[in-house]
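Chemist:
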Amino acid sequence: MIQAYSTNQTILTNGILPFNSTSLKKGNTTTLNGVSSLMLNSSGVYQITLNLSGLPSATGDVTVAMTKNGVSQPEVLNIQTVLTTTGVNGSITLLVPVFRTCCGQATSIQFVNTGVGLTEANINVVVTKLC
40 MIQAYSTNQT ILTNGILPFN STSLKKGNTT TLNGVSSLML NSSGVYQITL
90 NLSGLPSATG DVTVAMTKNG VSQPEVLNIQ TVLTTTGVNG SITLLVPVFR
140 TCCGQATSIQ FVNTGVGLTE ANINVVVTKL C
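170 is the number that our numbering gives the last residue of the sequence shown; the numbers go up by one with no jumps.
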């Protein structure tokens, strides 16, 4: 289990969400690789909850997509048609299956801002291996 977060970040369109700090870490099933990749280190099903808040840099949709080993996944966090003067707040919970196929290689998870940019963004993620 891991909880990682960042505060007061600027996230550009197509930017990867950073996780600069870890507040809780138990075991080695999930680790943080640098500031942008969560590594799922064993086979099983993981629950990932992402919370995001901030100020949009333009009027439009705030959208965050998850990638698994660099491949965009269909699940997205979408906060529709926001104004630059209105703060946004959203969350998404995902179940992610991991099947290790070769050489014990970990599965990499990243979150990418595919919508309008954000300023003063606060990001929090909790990853728990369920089984």
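The beta carbon of each residue, even a glycine, is placed where N, CA and C say it ideally should be.
(1) For M40, name the three-state secondary structure that DSSP assigns.
(2) Among T153, T158, V103, Q144, which has the Cα closest to the Cα of T52?
(3) Along the chain, which unbroken stretches of the beta strand (DSSP E) at least 3 residues long are found entirely within the segment 57-122?
(4) Quick check: the segment 40-52 against the segment 156-166, are at least 3 beta-carbon pairs closer than 8 Å?
(5) Please name the residue in T124, A104, L122 whose C-alpha comes closest to that of V115.
Modeler: This is what the structure holds:
(1) coil
(2) T153
(3) 60-64, 69-72, 76-79, 83-95, 99-107, 110-121
(4) yes
(5) A104
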